[in-house]
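The first sequence begins at 9 in our numbering and counts up by one. Using N, Cα and C, we set each Cβ at its ideal position, and we do this for glycine too. Data first, discussion second: the structure below is written as structure tokens.
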Amino acid sequence: MRRYNPADIEPKWQRQWDDAKIYQATEDADRPKTYVTAMFPYPSGSGLHVGHVRNYSITDTIARFHRQRGQNVLTTIGWDAFGLPAENYAIKTGVPPQQSTARNIASFKTQLQRLGMSYDWSREITTTDPKYYRWTQWIFLQLFKHGLAYQKESLQWWCPVCKTVLANEQVINGRCWRHEDTPAEKKWLKQWFFRITKYADQLLDGIGDLEWPAKIKAMQRNWIGKSKGAEIDFTVADSSETIQVFTTRPDTLYGATFMVLAPEHPQVPRLTAAANKAEVASYIKAAQSKSDVERMETEREKTGTPLGSYAINPATGQKIPVWTADYVLMDYGTGAIMGVPAHDERDNQFATKFGLPIARVYDPVKGDSPYGGEGKVKNSGEYNGMATHQMRERIVADLSARGVAREKTNYRMRDWLISRQRYWGAPIPIIHCPKDGAVPVPEADLPVTLPEISDYLPDGSGTSALGRAKGWVSVTCPSCGGPAKRETDTMDGYACSSWYYLRYTDPHNNRLAWDPAKANYWMPIDYYCGGDHAVSHLLYSRFWMRFFADQGWIERTRQEPVHRLVFNGYIYAHDGQKMSKSKGNVVDPLELVEQGYGADALRLYELFIAPYELDVAWDPGGIAGTYRFLNRVWMLAQEYLSVKNKNGPAAKSGADPVSRARSKAVKKVTDDLERLSFNTAVAALMEYVNELYRLKASGMDGQAWPEAVKDLARLVAPFAPHIAEELWQQLGYEGSVHVAGWPAWDENLLAANTLVLAVQLNGRVRAEITLPATAGEADAKTAALNNAKIKRLLGGKQPARIIYVPGRLVSLVVKD
RNA sequence: GGGCGAGUGGCGGAACCGGUAUACGCGGCGGACUUAAAAUCCGCUGGCCAUAACAGGCCUUGUGGGUUCGAGUCCCACCUCGCCCACCA
Numbered sequence: 009m010r011r012y013n014p015a016d017i018e019p020k021w022q023r024q025w026d027d028a029k030i031y032q033a034t035e036d037a038d039r040p041k042t043y044v045t046a047m048f049p050y051p052s053g054s055g056l057h058v059g060h061v062r063n064y065s066i067t068d069t070i071a072r073f074h075r076q077r078g079q080n081v082l083t084t085i086g087w088d089a090f091g092l093p094a095e096n097y098a099i100k101t102g103v104p105p106q107q108s109t110a111r112n113i114a115s116f117k118t119q120l121q122r123l124g125m126s127y128d129w130s131r132e133i134t135t136t137d138p139k140y141y142r143w144t145q146w147i148f149l150q151l152f153k154h155g156l157a158y159q160k161e162s163l164q165w166w167c168p169v170c171k172t173v174l175a176n177e178q179v180i181n182g183r184c185w186r187h188e189d190t191p192a193e194k195k196w197l198k199q200w201f202f203r204i205t206k207y208a209d210q211l212l213d214g215i216g217d218l219e220w221p222a223k224i225k226a227m228q229r230n231w232i233g234k235s236k237g238a239e240i241d242f243t244v245a246d247s248s249e250t251i252q253v254f255t256t257r258p259d260t261l262y263g264a265t266f267m268v269l270a271p272e273h274p275q276v277p278r279l280t281a282a283a284n285k286a287e288v289a290s291y292i293k294a295a296q297s298k299s300d301v302e303r304m305e306t307e308r309e310k311t312g313t314p315l316g317s318y319a320i321n322p323a324t325g326q327k328i329p330v331w332t333a334d335y336v337l338m339d340y341g342t343g344a345i346m347g348v349p350a351h352d353e354r355d356n357q358f359a360t361k362f363g364l365p366i367a368r369v370y371d372p373v374k375g376d377s378p379y380g381g382e383g384k385v386k387n388s389g390e391y392n393g394m395a396t397h398q399m400r401e402r403i404v405a406d407l408s409a410r411g412v413a414r415e416k417t418n419y420r421m422r423d424w425l426i427s428r429q430r431y432w433g434a435p436i437p438i439i440h441c442p443k444d445g446a447v448p449v450p451e452a453d454l455p456v457t458l459p460e461i462s463d464y465l466p467d468g469s470g471t472s473a474l475g476r477a478k479g480w481v482s483v484t485c486p487s488c489g490g491p492a493k494r495e496t497d498t499m500d501g502y503a504c505s506s507w508y509y510l511r512y513t514d515p516h517n518n519r520l521a522w523d524p525a526k527a528n529y530w531m532p533i534d535y536y537c538g539g540d541h542a543v544s545h546l547l548y549s550r551f552w553m554r555f556f557a558d559q560g561w562i563e564r565t566r567q568e569p570v571h572r573l574v575f576n577g578y579i580y581a582h583d584g585q586k587m588s589k590s591k592g593n594v595v596d597p598l599e600l601v602e603q604g605y606g607a608d609a610l611r612l613y614e615l616f617i618a619p620y621e622l623d624v625a626w627d628p629g630g631i632a633g634t635y636r637f638l639n640r641v642w643m644l645a646q647e648y649l650s651v652k653n654k655n656g657p658a659a660k661s662g663a664d665p666v667s668r669a670r671s672k673a674v675k676k677v678t679d680d681l682e683r684l685s686f687n688t689a690v691a692a693l694m695e696y697v698n699e700l701y702r703l704k705a706s707g708m709d710g711q712a713w714p715e716a717v718k719d720l721a722r723l724v725a726p727f728a729p730h731i732a733e734e735l736w737q738q739l740g741y742e743g744s745v746h747v748a749g750w751p752a753w754d755e756n757l758l759a760a761n762t763l764v765l766a767v768q769l770n771g772r773v774r775a776e777i778t779l780p781a782t783a784g785e786a787d788a789k790t791a792a793l794n795n796a797k798i799k800r801l802l803g804g805k806q807p808a809r810i811i812y813v814p815g816r817l818v819s820l821v822v823k824d
């Protein structure tokens, strides 16, 4: 009898699947499609990680399940290969990123192939391939043409270590996402942006329809940060200036007793009285010397200084002092606020510290804090007695009529800053001409290929290493033919990843980025599996898809790229810490495979370890359990084969315990896979196998056995594809188990032939009764009352109520 | 401060609609096989009380209350932990 040895069967089937091309996907209008893909990886030098394996096992199990059920499945992989690690490695070692990236991809690919993922490898793409980034550049040109890519001089986040600007999405608590110990700085630079804010409302409205985890949806809503309110003009006393503020609470205008401008606000110098000049100048200097990390500290005590000028509250007509303070941010709204200390906690802290008047203008609803809530208006002239929300609309209308206010919606989200002063990215296809300005590279000249250079270090002044590639930079202007220079910034890697899932649908097209017919067939992605990029990548992709829909390159109904987002949890080391080389706690998945557990046991374990969405710590002993299970599956089949070969296949049967166990397992595994409950699906497989062994031990492995073993192979296939395929072949079935259909269950067999009911007495389980399956409510009640133990406990009393729950229990209620 | 989520055996977790809490696995204990070990197989494994044994009783899903014949599940309050956002006016 053959022993279960994964090393004997796994590489063999991997080769055969590859040769037979059974996972190649083709558009087929007659078959329903399922598009399943994982967020494509960055091919790092440290190789595949158990976290990757979890993510790809989930993806592949979903893909295989749908393929077996007859869906036309597209699942594939690509490489998100531009980015800093490869460039930093080049700076350190001199190895060109082109080379190290190719090497890393080759190694990732070998490792993934060893895990037996059912990718259509003919669709593999790499973002650093000029054949790919040609189209990323083409999309840039289309955005430019439609006014959605533009250049702007602005104050931007800058990482002093990376020597590049960062997108807002790449700054975490004022620090670079790659260098958590280095505070990011701010620099004034001319940068390229994508106008994502144009789609702010659409992106926000679309969130409601997504089948995504609530948490991710909330994060996107938060990020967009829409707030409705009003802009109100305050005139400055004895001056022609007005100060504009943004507020979400115009109903508290009567309570505005001061104003605050951000230290960077352009009106500050003009509004500073001569007597206050020195104070104000030194305050601004102090504020600017603080890092942004410090300025964002919420627990800090409020600071500020008066400008010495006064504004007129347009509601009360009173003169109120104008201050500058760094708790007001230049980035948001107008960079100036009206201070309402009675109803805003921050303004209250400020007024309390500096002795400014505090005027209450509404009584909060009972039990509510006075800050930020609703209530009944007072001390507000003609508006007294109104509800705050009512006054909010009224006063904006009234002030608008006077021309001193207007409705205004603000967003927290900024335009997407995409230029990077780094070498290893897709060049921005723009030529700067002294005469014609920024001129797009003609589409026919794409791609703008990255030149090979020898020194990758950015010069730190805001120009990438590309600036030194003189022969590449100097070109003629496509518009006037005069001397001009190429843009030396490259695009943020997120640009490359915002459309790759479309390229998967048509990866070799050299005429178009994708054929809309193909994209419309496959899109949207039905299951998108990943554990990162909750805002960034997923928001950028939603933005680009809307633009593509506007251009007619994808159907409007498919503009949401991701139908169902499968956001998996993180795997920590055994000690609960993040795995890292320096801590020496990294688990190498391929090592486990080579140790003899095999890819099947590893994949199965990563699905079994916990629900997919939960973070888990790696249990080093766990994989032995799934290996043991596969071994039991193997032995069960081998024992069956040794008997079968002697006696020949036996006939089928009907309502026997083996068929019951099979039906039960098929239903449970199917249900669990439909709701992505992989851990319980694996548990159901284990129960099925345990039950088959029990039935065999009691001599029940007769008529229905062949079907039971056959379906075992088909049920195991999405989780442990190699052993399933091997057993399928050994059992003598034709073709691949992975396209052999999904087993069906017989609903009639699910009910057991005896009924076991619990009997509760005042809510406590006191006895168990066994009845024929045909027993009805009356039989159950009689049996419960006649049960010896229940009789004893009742002691002659009659239950006041009897509740019968079919198939579950009889509940007796006795009153004392 | 705001938002989201989670607290169940020694551990990962199950219980999908309110219906016999602790499925499945890891670990542990005992046994079979073996010169021995590994592997494999079989049995036991929430706590306390009780018993020669069988039986039996009580407690238990973070804490306290509530609704219900019945609550891990629903409601209220609280505690703890995790993640995300955060002087956003």
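{"Query": "Tell me, please, which residues DSSP counts as bridged to H187.", "Result": "C184"}
{"Query": "Return the CA-CA distance between G740 and V81, expressed in angstroms with no decimal places.", "Result": "26 Å"}
{"Query": "According to the Cβ coordinates, are T6 and T109 closer than 9 Å?", "Result": "With the chain running from 9 to 824 in the structure shown, residue 6 is simply not present."}
{"Query": "Can you round the beta-carbon distance between E614 and R62 to whole angstroms, since I take them to be within the 8 Å contact cut?", "Result": "4 Å"}
{"Query": "Which runs of the beta strand (DSSP E) at least 3 residues long sit entirely within the stretch 226–270? Give them in chain order.", "Result": "235–244, 250–255 and 266–269"}
{"Query": "Rounded to whole angstroms, what's the CA-CA distance from R72 to V747? Just pull it up for me.", "Result": "9 Å"}
{"Query": "Do L723 and L693 have their C-beta atoms closer together than 9 Å?", "Result": "yes"}
{"Query": "Looking only at its own chain, which residues have a Cβ that is under 7 Å from the Cβ of T69, when we skip the five neighbours before and after it?", "Result": "L615, F686, P726 and F727"}
{"Query": "Could you check what DSSP says for N418 in three-state terms: helix, strand or coil?", "Result": "strand"}
{"Query": "Using the Cα positions of I232 and L261, report the straight-line distance between them to the nearest angstrom.", "Result": "26 Å"}
{"Query": "Which whole-angstrom value is the C-beta distance of M499 and I436, which I expect to be below 8 Å?", "Result": "6 Å"}
{"Query": "Check the DSSP bridge columns for V813 and list the partner residues they point to.", "Result": "L817"}
{"Query": "Quick check on Y64: does DSSP put it in helix, strand or coil?", "Result": "helix"}
{"Query": "Between which residues of its own chain and T457 is the CB-CB distance below 6 Å, once the five residues before and five after are set aside?", "Result": "P138"}
{"Query": "Would you say the beta carbon of R229 is closer than 8 Å to some non-hydrogen atom of the ligand HEM?", "Result": "Absence of the ligand HEM is noted for the structure shown, with no ligands found whatsoever."}
{"Query": "Assuming the contact rule is C-beta atoms closer than 8 Å, Y335 and F358 should be a hit. Round their C-beta distance to whole Å, please.", "Result": "7 Å"}
{"Query": "Quick one: using the 10 Å Cβ neighbour count with 16 as the cut-off for buried, is I133 buried or exposed?", "Result": "buried"}
{"Query": "Quick one: using the 10 Å Cβ neighbour count with 16 as the cut-off for buried, is C184 buried or exposed?", "Result": "buried"}
{"Query": "Using a Cβ distance threshold of 8 Å, determine whether the stretch 564–576 contacts the stretch 245–252, with at least three qualifying pairs required.", "Result": "no"}
{"Query": "Specify, as a first and last residue, the run of the alpha helix (DSSP H) that W736 falls within.", "Result": "P729 to Q738"}
{"Query": "So, at 8 Å on beta carbons, what are the nonlocal neighbours of W21 in its own chain, with the 5 sequence-adjacent residues on each side left out?", "Result": "G124, P729, H730, E733 and E734"}
{"Query": "Quick check for students: name the residue ranges of the alpha helix (DSSP H) that lie wholly in the stretch 426–507, counting only runs of 4 or more.", "Result": "478–481 and 501–504"}
{"Query": "By DSSP, does R278 sit in helix, in strand, or in coil?", "Result": "helix"}
{"Query": "Would you decide whether S544 is buried or exposed? Buried here means 16 or more other CB atoms lie within 10 Å of its CB.", "Result": "buried"}
{"Query": "Taking C-alpha atoms, which residue in A282, D339 and A395 lies nearest to A270?", "Result": "D339"}
{"Query": "Ignore the nearest five residues each way along the sequence and tell me which others in P450's own chain have a CB closer than 8 Å to its CB.", "Result": "P486"}
{"Query": "If you draw a straight line from the C-alpha of T67 to the C-alpha of T45, how long is it?", "Result": "6 Å"}
{"Query": "Please specify which runs of the alpha helix (DSSP H), each continuous and at least 4 residues long, are wholly inside the stretch 128–162, giving them in chain order.", "Result": "138–153"}
{"Query": "Which first and last residues belong to the alpha helix (DSSP H) in which K29 is found?", "Result": "Element bounds for K29: n/a, residue is neither H nor E."}
{"Query": "Is S588 helix, strand or coil by DSSP?", "Result": "coil"}
{"Query": "Check for me: the alpha helix (DSSP H) holding D679 runs from which residue to which?", "Result": "P665 to E682"}
{"Query": "Under 7 Å Cβ to Cβ from P515, same chain only, skipping five residues before and after it: list those, please.", "Result": "R131 and I133"}
{"Query": "Tell me whether the beta-carbon of I811 lies closer than 9 Å to the beta-carbon of V821.", "Result": "yes"}
{"Query": "For P569 versus Y502, is the C-beta spacing smaller than 9 Å?", "Result": "no"}
{"Query": "Could you spell out the range, first to last residue, of the beta strand (DSSP E) harbouring E776?", "Result": "R772 to P780"}
{"Query": "Have a look at the DSSP bridge pairing and note the partners of N761.", "Result": "DSSP lists no partner for N761."}
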